[in-house]
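Note sheet for the following structure.
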Amino acid sequence: MAAASTQPQQNECSAAYDRLAELKAFDETKAGVKGLVDAGVTQIPRIFQAPPHLLDTDDPNFSFPIIDLEGADRDPAKRKQIVEKIRDASANWGFFQVVNHGIPETVLEEMKAGVHRFYEQDVELKKQFYTREILKEYSEGVLKLGELLFQLLSEALGLRSSHLKELNCTKGLQVLCHYYPACPQPELTLGACKHEDNDFITVLLQDHIGGLQVLHRNQWVDVPPLPAALVVNLGDLLQSTGCWRRKSEQEFLWPVSSRLALHPIQ
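Residue numbering for the sequence shown follows full-length UniProt numbering, beginning at 1 and increasing consecutively.
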């Protein structure tokens, strides 16, 4: 909502060899990773292989927080309970999923379908944008949800519900659509390496494939994709208050299906 920084995300996907020639050859194809998949690649190019220590996964017995927003805008008693859950999730995770957030499931599904249609088109056809109308409807829903979330977060900080809005945190929206083609060797690479979001909040819509992980108590925890749910990530700007901890995330790839993640950044 307040303008998010456009600085590159810091990550740990650095390699110990000179990749310039291979990167240049890949860039000159102008087809991206999707072009490699369409060409039938069976091995991950070295430029995309992550160091082994980054691929270690944990399977801790943690339950990722899910918060039901039903009644938050009309029932004071429920709102108080929701604020307490948001306070706890923000302090201990820096992430949570929300359900009953007010954005129709049909809009979420059409948004994902529109992005899939775009990325799966022929390279020349991609020059046309087919997702504009649904993107507008989806963005309007996210902005409305964002205002509610900032109210609840303000209250979770012990402030007036309008506090973060008065600081212009609800102004602006940046939408990123990430499409990960099916990967022949997912055990060798990451879709997105360990990083933190340098914004106020990120509202993530992921498809049924999953792959998102959150660093919690020094262990990587899977974030299960739930139908019609949205993942909320508190970014660096909001966590710089010192009340909540910075949290890292990364995204794994899966071999059979392409994966989709939409990141409206506020």
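Beta carbons: idealized from backbone N, C-alpha and C, even for Gly.
Buried or exposed for residue 276, going by 16 or more other Cβ atoms inside 10 Å? A query on residue 276 cannot be resolved here, the shown segment of the chain reaching from 1 to 266 and no further.
Member of Leu164, His116, Leu148 and Ala156 whose CA lies at the smallest distance from the CA of Lys85: Translated into positions along the sequence shown, residue 85 becomes position 85. It is Ala156.
What is the DSSP secondary structure of Glu103, counted as helix, strand or coil? Sequence index remark: in the sequence shown, residue 103 carries index 103 (1-based). It should be noted that the sequence gives Ile, not Glu, for residue 103. Taken through DSSP and simplified to helix, strand or coil, Ile103 comes out as coil.
With 16 other Cβ atoms within 10 Å as the buried cut-off, status of Asp75: Taking the first residue of the sequence shown as 1, we reach residue 75 at position 75. Classification for Asp75: exposed.
From Tyr119 to Glu110, what does the alpha carbon distance come to, in whole angstroms? For this step, residue 119 is matched to residue 119 along the sequence shown. For this step, residue 110 is matched to residue 110 along the sequence shown. C-alpha separation (whole angstroms): 14 Å.
I'd like the list of long-range same chain contacts for Pro93, defined as Cβ closer than 8 Å, with 5 residues on each side in sequence excluded. For this step, residue 93 is matched to residue 93 along the sequence shown. Note on identity: in this sequence residue 93 is Trp, with Pro being the wrong assignment. Cβ neighbours of Trp93 beyond the five flanking positions: Phe64, Pro65, Val214, His216 and Lys247.
For a quick check, are the C-beta atoms of Asn168 and Asp197 less than 8 Å apart? Residue numbering aside, residue 168 sits at position 168 when the sequence shown is read from its first letter. Residue numbering aside, residue 197 sits at position 197 when the sequence shown is read from its first letter. Their beta carbons are not under 8 Å apart, which means Asn168 does not touch Asp197 by this criterion.
Pairwise C-alpha distance: Pro45 and Val37: Position 37 of the sequence shown holds residue 37. Position 45 of the sequence shown holds residue 45. If I take the Cα positions, the gap works out to 11 Å.
Supposed contact pair Leu69 and Leu205 - C-beta distance, whole angstroms, cut 8 Å: To locate residue 205, count along the sequence shown from 1; it is residue 205. To locate residue 69, count along the sequence shown from 1; it is residue 69. With 8 Å as the limit, Leu205 and Leu69 do not qualify as a contact, their Cβ atoms being about 15 Å apart.
Please state whether the Cβ-Cβ distance between Gly210 and Asp222 is less than 8 Å. Within the sequence shown, the letter at position 210 stands for residue 210. Within the sequence shown, the letter at position 222 stands for residue 222. Result yes, Cβ atoms of Gly210 and Asp222 sit closer than 8 Å.
Val37 lies in the alpha helix (DSSP H); which residues open and close that run? Position 37 of the sequence shown holds residue 37. It spans Gly32 to Asp38 - the alpha helix (DSSP H) in which Val37 sits, taken as one unbroken run.
Let me make sure I understand the geometry here. Which of Thr106, Ala72, Ala113 and Gln121 has the alpha-carbon closest to that of Val98? As a first step, residue 98 must be located in the sequence shown, where it is residue number 98. Here the closest residue by C-alpha is Ala72.
With a 10 Å radius around its C-beta and 16 neighbouring C-beta atoms as the bar for buried, classify Thr106 as buried or exposed. Here residue 106 refers to the residue found at position 106 of the sequence shown. Looking at its Cβ environment, which holds fewer than 16 other Cβ atoms inside 10 Å, Thr106 is exposed.
Just the Cα atoms here: how many angstroms apart are Leu20 and Asp27? What you label residue 20 is simply residue 20 of the sequence shown in a count that begins at 1. What you label residue 27 is simply residue 27 of the sequence shown in a count that begins at 1. Cα-Cα distance, rounded: 10 Å.
Could you tell me the distance, in whole angstroms, from the CA atom of Ala228 to the CA atom of Val203? Taking the sequence shown and counting its residues from 1, the one referred to as residue 228 is at position 228. Taking the sequence shown and counting its residues from 1, the one referred to as residue 203 is at position 203. C-alpha separation (whole angstroms): 13 Å.
Could you tell me whether the Cβ atoms of Phe48 and Val231 are closer together than 8 Å? Along the sequence shown, read from residue 1 onward, the residue named residue 48 stands at position 48. Along the sequence shown, read from residue 1 onward, the residue named residue 231 stands at position 231. It is not a contact, given that the beta carbons lie outside the stated cut-off.
Once the 5 residues before and after Ile103 are set aside, which same chain residues still bring their CB inside 6 Å of it? Within the sequence shown, the letter at position 103 stands for residue 103. The residues are Gly141.
For the alpha helix (DSSP H) containing Gln239, list its first residue and its last residue. Within the sequence shown, the letter at position 239 stands for residue 239. From DSSP, the alpha helix (DSSP H) with Gln239 extends over Asp236 to Gln239.
Quick one, which of Ser154, Pro184, Ala39 and Gln185 has its alpha-carbon nearest Phe200's? Numbered from 1 along the sequence shown, position 200 holds the residue referred to as residue 200. Checking every option, the nearest Cα to that of Phe200 belongs to Ser154.
By Cβ distance, which residues of its chain are closer than 7 Å to Ile82, with the 5 residues on each side in sequence left out? Your numbering for residue 82 matches position 82 in the sequence shown. Answer for Ile82: Ile67, Leu69, Ala72 and Leu152, listed in chain order.
Do you know whose CA, among Asn218, Asn61, Tyr180 and Leu148, lies nearest Gly35's CA? Stepping through the sequence shown from its first residue, residue 35 is reached at position 35. Answer by Cα proximity: Tyr180.
Val175 beta carbon less than 8 Å from that of Glu135: Residue numbering aside, residue 135 sits at position 135 when the sequence shown is read from its first letter. Residue numbering aside, residue 175 sits at position 175 when the sequence shown is read from its first letter. Here residue 135 is Leu; the residue named in the question, Glu, does not match the sequence. Contact: yes.
If you reduce the DSSP assignment to three classes, tell me which class Ile82 lands in. Locating residue 82 in the sequence shown gives position 82, where the first residue counts as 1. Here Ile82 sits in helix by DSSP.
Buried versus exposed call for Gln239 [16 or more other C-beta atoms within 10 Å across all chains shown]: The sequence position of residue 239 within the sequence shown is 239, counting from 1. Buried: at least 16 other Cβ atoms inside 10 Å.
To which residues of the same chain is Pro225 closer than 6 Å at the C-beta, ignoring the five residues directly before and after it? Here residue 225 is taken as the residue at index 225 of the sequence shown, counted from 1. Gln206, His208 and Gly210, listed in sequence order.
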